[in-house]
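Numbering (our numbering), first residue to last: 1 to 554.
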C-alpha cells in the first residue's frame, strides 16, 4: 500500500495556468525594469512579528537578517509600483504596540507574516486593527496559515489567507483591490482562503508552486527598516537557490514540498546584486537540502565561488560525497548543517529520515576531511527514542563537539507528528497548541510535549549535555546587535574545554544563546494553562521555562 504523504495534497500542485504565467512574466519583466512607485496605488504594509526562538553563539545574525519570503513579497509589489513598507518588530520589547502604531500611520492593505511560533501576536494585532480600523483588509501568509488555514480563519480577524507561495497571489490580490473588484474576483483567485459577504471562510483551488524560479526578482533588502539604521544593512543575508524538499520527514513542515531550482545564471545575478548593492559577505543558504543533486550542487558552488562569500547551508547526510564537499569548500563554505536528528535506527525509520548512523558518520568524515566544519542538528524526544539511543546520541555529540543546534521535538502544525499528537490526546485543542508554540525558545528549560514517553529528567539531562557540546557559529564578529536582546547560559562550568580552535577559549564566556525578549503576556501560554494536567506533568515539571518565569517576575 502506498504511504500517505504527511502534507496536504494541494501543496503539490503546479502554478502553470494562463493567469499564473501572466504574473510570472510580469515579475520577470518588472525585475529588469521596475515600475516607479505610484502614490495613488494602495499602500501595503507588511508586518514581520516576533519569535521566541534563540540562536546559538555565532548565529545571532539570523535573528536580525531580512527574511527571504517577506523580502520577495515586498519586492514584487514594489517593482509593480505599489508603496510598500516592511514593519519589523522581531526584537521590540512590546511588538504588538509597536506594530499597531506603525500600521495606523498609513496603511491601505495590511499583510502579516505568520509563523508557527507567533500565533498569539498575529491574532492580537488583527483584533486591534479590526477594532480601530475595520475597513483595512488583512492578508496573512506564511507557514502557519498554510498549515492550518481553517483554524486560523476561525479564530482570527484575517480576511484572506494566502496558501503556500505568495508572489503570484499577492500580485493578483493587489491588482484586484486597486481596481475595486475584490468581492467579485476573490472566488476566482487561486491559492487563498477568503471570507464571503457573510463572513464565512471559503477556499479556492490551489495555486501551486512556481515552476520557474528564474522569474523571481532580485531581493530589495533596502525595503527593510534596518537599511535606514545607523549601521545600515548587516552583511549577513538569508538566501536560497531552490525551494522544496524531496523528503517527507514526519516532524518537518514545508509550504513548498516540490523541489524547484534557479538556474546557475539566475543564481549568479542574485549573488552579484546582493554583493554589489548591499555589501553582503556571508550567506546562509536556507535550501532544505542544498546538496541533494551532485551535479547541481557543483554547478552552484562554481557560481558562489565567483563572489567571494563565506557561507553555510542545510543538507542531508545521505547527500554528501567527496566531489560535493570539495566544491563546497572551494566555494567558501564555513560550516555545513546536517539534519542528523537522532542515531537510533527505529527513531530514524519512524521519522522517515532516509538516514542511518553509518551515513551520518560517513558524511561527518567526508566533511572533516574536506576541510569544512560539520554541524549536527539534533532533536531530543522523537518517537521510538529510548534511553539507550538517546545516551548514544549524547556520547556522539560530546566525542566530536560538532553540534550546532539541539531542541526538543515540536509538534509542528501540518506534520505527521502533529496529527499523531492530536490523535493521542497530547494536544488539548489546536488553538491551545498554537498558543503554546509561541513560548518555545530552543533552550534547556523549555517545556515539551513528551511524545517519546521517556522520563522528563532523562530528556533534560540529554539536552543539557548536547547543548554544552555546541561549537561556535560562523559569525563571531556580528555588529548589528538590537538594543533589547536577551542572552542565555554562559560557558558550562564543568571544567571541560570544548570547541575552542575556531573562536578561542572564551567564545561562550558570556552567553551560549541569544534572542529577542519574550512577548508580554507569554506567561498565559505555558503547558499548565494550555494542556491537560497529565500532559503538562511529563514535560514541564522539573524546570520553569522562560514564559513561566515571567509570571513570577524572574
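Just so you know, even glycine gets a beta-carbon here, dropped at the ideal spot from N, CA and C.
Three-state secondary structure assigned by DSSP to residue 1: The predicted model places residue 1 with a pLDDT of 38, which falls under 50 and marks its position as unreliable; any figure quoted below should be read in that light. Coil, per DSSP.
Proximal residues to residue 190 (C-beta, below 6 Å), its chain only, five neighbours per side dropped: 204, 205 and 207
Contact the stretch 86–103 vs the stretch 13–29: 3+ CB pairs below 8 Å: no
Nearest-angstrom Cα separation, counted from residue 405 out to residue 364: 16 Å
Own chain partners of residue 122 with C-beta closer than 6 Å, once the 5 adjacent residues on each side are dropped: 112 and 114
Supposed contact pair residue 305 and residue 331 - C-beta distance, whole angstroms, cut 8 Å: 4 Å
Opening and closing residue of the beta strand (DSSP E) in which residue 513 lies: 513–515
One or two residues paired with residue 56 in a DSSP bridge: 513
Residue ranges of each beta strand (DSSP E) within the stretch 338–426, 3 or longer: 373–380 and 403–408
Between the CA atoms of residue 297 and residue 429 - distance to the nearest angstrom: 43 Å
Straight-line Cα distance separating residue 287 from residue 240: 5 Å
Validate contact between the stretch 537–545 and the stretch 124–137 using beta carbons, cut 8 Å, 3 pairs: no
Residues near residue 299 by beta carbon distance below 8 Å, same chain, minus five either side: 264
Under 8 Å between C-beta atoms of residue 557 and residue 418: The requested residue 557 is not part of the displayed model; the chain covers only 1 to 554.
Every unbroken beta strand (DSSP E) inside the stretch 9–83 [3 residues or more]: 44–48
Contact under 8 Å by Cβ, residue 269 with residue 324: no
Those residues which DSSP pairs with residue 298 across a bridge: In DSSP, residue 298 forms no bridge with anything.
Given 8 Å, three or more beta-carbon pairs between the stretch 523–541 and the stretch 62–82: no
Span of the alpha helix (DSSP H), counted from its first residue to its last, around residue 113: Unbroken run through residue 113 is the beta strand (DSSP E), 109–114; no alpha helix (DSSP H).
Counted within 10 angstroms of its Cβ, other Cβ atoms place residue 243 as buried (16 or more) or exposed: buried
CA-to-CA distance, residue 420 to residue 455, given in whole angstroms: 20 Å
Residue environment, residue 424, which counts as buried when at least 16 other CB atoms sit within 10 Å: exposed
Reduced DSSP secondary structure (H/G/I, E/B, other) of residue 528: helix
CB contact flag (residue 52, residue 440, <8 Å): yes
Residue range of the unbroken beta strand (DSSP E) whose run includes residue 237: 236–239
Beta strand (DSSP E) segment containing residue 173, residue limits: Unbroken run through residue 173 is the alpha helix (DSSP H), 167–178; no beta strand (DSSP E).
Beta bridge counterpart(s) of residue 209 as assigned by DSSP: 14
Contact the stretch 47–64 vs the stretch 2–21: 3+ CB pairs below 8 Å: no
Test item: CB-CB of residue 277 and residue 209 under 8 Å: no
Start-end ranges of the beta strand (DSSP E) lying completely within the stretch 101–157, minimum 3 residues: 109–114 and 138–142
Contact the stretch 177–192 vs the stretch 152–162: 3+ CB pairs below 8 Å: yes
Contained alpha helix (DSSP H) runs [length at least 4] in the stretch 414–487, N- to C-terminal order: 416–423, 430–437 and 456–468
Counted within 10 angstroms of its Cβ, other Cβ atoms place residue 345 as buried (16 or more) or exposed: exposed
Alpha-carbon spacing of residue 201 relative to residue 317, whole angstroms: 42 Å
First and last residue of the uninterrupted beta strand (DSSP E) at residue 202: 201–203
For residue 254 and residue 352, the rounded distance between their alpha carbons: 15 Å
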